[in-house]
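Residue numbers (our numbering), protein chains in the order written: chain A, 1 to 342; chain B, 343 to 684.
From the three backbone atoms N, C-alpha and C, an ideal C-beta is built for every residue, glycine too.
Following: one structure in structure tokens, then a few remarks.
Protein chains: 2
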Amino acid sequence: MDDIKNKRIAILAPVAWRTPPRAYGAWETVASNITEGLVARGWKNVTLFATKESETKAKLVGWVEKGYEEDKSQIPLVSTCLHISKVMERADDFDLIHNNFDYLPLTYLPLIKTPMLTTIHGFSDPDILRVYHDHKDTYYVSISDSDRDPGLPYMATVYNGIDLSNLTFSDKPGNKLVHYGRIHNDKGTHLSIEVAKKCGMDLIIAGLIQDQAYFDNLIKPHLNQSSIQYIGPVNPVARDALLKEAYAVIHLNLIPERFGLVMAESMAAGVPVIAMDLGSCREVIADKQTGYLVNSVDDAVKAVKIIDKIDRKKCRQQVEENFTIDKMVSGYEKVYEEIFRR
Amino acid sequence: MDDIKNKRIAILAPVAWRTPPRAYGAWETVASNITEGLVARGWKNVTLFATKESETKAKLVGWVEKGYEEDKSQIPLVSTCLHISKVMERADDFDLIHNNFDYLPLTYLPLIKTPMLTTIHGFSDPDILRVYHDHKDTYYVSISDSDRDPGLPYMATVYNGIDLSNLTFSDKPGNKLVHYGRIHNDKGTHLSIEVAKKCGMDLIIAGLIQDQAYFDNLIKPHLNQSSIQYIGPVNPVARDALLKEAYAVIHLNLIPERFGLVMAESMAAGVPVIAMDLGSCREVIADKQTGYLVNSVDDAVKAVKIIDKIDRKKCRQQVEENFTIDKMVSGYEKVYEEIFRR
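The following block contains the structure:
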């Protein structure tokens with residue numbers, strides 16, 4: 001195992017945001033956690049391919065100055081293809097490329113000799129399966145058992161690991177409901193407002209507005225200075241403060257969750273999560289132990305009323321046992337090892 | 343030279359539309375003309391990479407069934423990257439890849455051994471220059487002297503060639519003004535309406551609506567059943583009928599033209615063109631001989647009034663001497679030959 005830690009690993013992060021991101025940027029967060037986790041566990045030759053202003057204890061190779069979401073003068077595909085091609089041009093310098101940047105890198109695969117592991121962070125559209133199905137002789141990891149395409153050969157599910165240093169456990173519940181993450185219909189932000197109103201509780205909404213029309217039409221009209229607030233995106237420090245105020249996190253996603261970093265983060269702070277029973281939610285939440293899986297707003301309202309039955313220590317424990325960076329990286333180590341053995 | 347015609351050439355067409363396109367699809371049209379032109383001139387090993395439903399006398403290799411503009415279930419980038427990667431995977435089977443599909447193919451270039459010639463059909467955004475500037479040790483052709491980036495090493499300008507078989511010369515002027523091509527602010531469709539009104543002449547507008555809001559706001563309000571008509575996109579047969587009705591073609595482009603197929607087509611039918619003096623217009627039109635280069639609507643109105651001074655035979659001649667498929671292909675043959683000599 002020590003021998004394997006000398007292998008030359010390239011971690012390919014997206015270039016939408018800095019790695020790690022300042023606020024939003026789920027895939028960059030995971031790519032950062034994998035990179036830093038490998039270094040922490042003694043891997044000696046890890047190279048992170050990310051934006052030039054990224055930060056890492058591994059070797060950083062960047063081609064694009066800033067993330068294209070942070071510098072709108074860039075055409076995303078221009079930055080994306082340049083970034084990816086720089087890894088591919090140097091493929092021979094590595095024993096393994098670990099791709100965290102979606103499907104485009106797969107199309108360079110037949111031209112390089114180095115094996116590539118792709119973590120599929122989500123299928124943004126069914127059509128992207130055409131690329132995956134065209135590349136079945138490579139290595140895939142899913143981020144939950146539920147987020148799998150039946151036509152693909154997966155090596156394993158490796159759950160995302162989160163950085164607990166920015167998530168302070170508190171045994172004392174706050175007195176507000178909290179909804180955070182991307183503000184989008186898919187995440188059911190508007191349903192959290194319904195729940196709060198029906199429960200007669202305050203609600204804090206935080207996160208990046210991903211669909212401005214959705215926000216303007218379904219969220220903004222309900223906002224006020226007191227009972228229903230929107231506080232914008234939160235960085236890890238602000239998130240920690242936010243979760244201290246949380247009685248429960250409401251996460252009524254309307255499409256299957258792929259993993260659900262928000263749920264793991266909330267539980268890490270000791271906050272129980274009420275989530276729609278769709279996709280990976282039942283893999284992340286231990287139903288009735290660290291939160292409740294529900295199927296409707298009314299179920300969620302009932303769940304809020306019995307949330308004090310949840311042991312907040314159990315929430316933290318669920319994360320410590322399953323969703324730490326160390327747990328994730330040891331999962332990837334097993335996968336890497338198997339690839340090197342083949 | 344006969345020896346060179348045994349070389350294995352891959353022509354990479356875009357997959358937005360069928361090659362050749364049914365109606366609109368400028369780059370696919372050129373890619374088709376190059377392919378068929380090479381075959382006509384005796385090249386024996388030409389392979390066209392295009393949509394599967396494309397038509398060619400060369401060998402056809404397709405991966406994508408239909409163009410992504412004709413089948414909106416496709417994510418354009420998915421079809422694009424799969425299509426490009428299929429050429430790259432087979433690069434060793436060819437002596438030259440002739441890329442007519444923009445900048446993305448360049449990023450695969452360091453991974454293949456086969457030389458690639460890229461015809462730059464246009465810079466859709468200044469940001470795409472980042473990819474070109476990152477790949478200066480390859481071969482470029484411009485489609486006009488004016489559409490060149492000063493930082494790139496070009497081998498030659500090769501003007502687009504058009505298929506004259508669908509363009510019937512008529513010495514007899516029609517009695518209407520005609521504007522056709524993409525309906526977009528860049529093409530100055532709204533200015534052709536101003537010209538027609540000021541001249542008191544009828545106007546027929548044809549072409550694909552590329553910007554619906556532009557059409558709805560600036561074009562639609564002026565349409566009626568008689569003096570100002572919009573007839574939709576035209577295929578080559580309908581275009582031929584359209585040009586028969588033309589007294590002159592009005593082409594008051596607001597951004598520099600890259601080449602201007604519309605101008606060459608019009609002149610081929612014997613129709614003089616009044617064009618804005620921007621970009622390649624002065625390379626395609628012989629000013630005062632095959633049309634007029636202008637700088638304003640008022641100039642264009644004046645030009646309409648003296649358009650009968652233009653010899654329509656001269657218009658046709660301008661195209662026959664400079665913008666035929668044969669002329670274009672012989673231009674590319676010289677470029678290919680130089681690449682093989684290096």
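Three or more Cβ pairs drawn from the stretch 269-287 of chain A and the stretch 313-328 of chain A lie within less than 8 Å of each other, which places the two stretches in contact. Using a CB distance cut-off of 8 Å, Asp650(B) does not count as an interface residue toward chain A. Across the structure, Thr47(A) and Arg130(A) are spaced so that their CA atoms are roughly 29 Å apart. Among the residues facing chain A, Tyr450(B) is included, as its CB has a counterpart in that chain under 8 Å away. Annotated three-state conformation of Leu111(A) is helix, per DSSP. About 12 Å separates the beta carbons of Ile351(B) and Asn442(B), which is beyond the 8 Å limit, so they are not a contact pair.
Cβ-Cβ separation between Met263(A) and Ala275(A): approximately 6 Å, consistent with a contact (criterion under 8 Å). When secondary structure is reduced to three states using DSSP, Ser484(B) falls in the strand class.
For Glu70(A), no CB of chain B lies under 8 Å from its own CB, so it is not counted at the interface with that chain. In this structure, Trp17(A) sits near Gly67(A), with a CB-CB distance shorter than 8 Å.
Per DSSP, the unbroken beta strand (DSSP E) holding Gln571(B) starts and ends at 570-572. By the Cβ rule, the stretch 499-516 of chain B does not count as touching the stretch 526-541 of chain B, because fewer than three pairs are nearer than 8 Å. For Glu431(B), a Cβ of chain A is located within less than 8 Å of the residue's own Cβ. Taking a beta-carbon distance threshold of 8 Å, Cys281(A) does not count as an interface residue toward chain B.
Non-local beta-carbon contacts of Glu599(B) in its own chain, meaning distances under 7 Å to residues more than five positions away in sequence, involve Leu620, Gly621, Ser622, Cys623 in chain order. The C-beta distance from Gly530(B) to Leu594(B) rounds to 4 Å, short enough to fall under 8 Å. Identification of residues in the stretch 464-488 of chain B having a C-beta nearer than 8 Å to some C-beta of chain A yields Asp467, Asp469, Ile470, Arg472, Val473, Asp476, given in sequence order.
If you ignore the 5 residues before and after Arg383(B), its C-beta comes within less than 8 Å of the C-beta of Lys347, Asp668, Val671, Ser672, Glu675, all in its own chain and listed in chain order. Taken in chain order, the complete beta strand (DSSP E) segments of 3 or more residues contained in the stretch 597-671 of chain B are 615-618, 633-636. When CB distances to chain B are screened at a threshold of 7 Å, not a single residue of the stretch 218-249 of chain A falls below it.
Its Cα nearest to that of Lys539(B), the residue His564(B) stands out among Asp491(B), His564(B), Asn517(B), Phe557(B). One Cα belongs to Leu96(A), the other to Tyr139(A), and the distance between them is close to 11 Å. Using a CB distance cut-off of 8 Å, Leu77(A) counts as an interface residue toward chain B. The three-state reading of DSSP puts Arg342(A) in coil, since its state is none of H, G, I, E or B. For Lys72(A), no pairing in a beta bridge is given by DSSP. With respect to Asp125(A), Ile454(B) sits apart: the two C-beta atoms are not nearer than 8 Å. Rounded to the nearest whole angstrom, the CA to CA distance from Ser507(B) to Val372(B) is 15 Å. The beta carbon of Gln212(A) does not come within 8 Å of any beta carbon belonging to chain B, so the residue lies off that interface. Taking the Cα of Leu533(B) as reference, the smallest distance to any Cα among Leu509(B), Asn566(B), Ile570(B), Lys478(B) is reached at Ile570(B).
Around the CB of Val579(B), fewer than 16 other CB atoms lie within 10 Å, so the residue is classed as exposed. His98(A) is bridged by DSSP to Ile11(A), Leu117(A). In the DSSP assignment, the residues bridged to Asn387(B) are Arg350(B). For the 8 Å CB-CB criterion, Glu411(B) and Glu395(B) do not form a contact.
At a cut-off of 8 Å between beta-carbon atoms, Leu446(B) makes contact with chain A.
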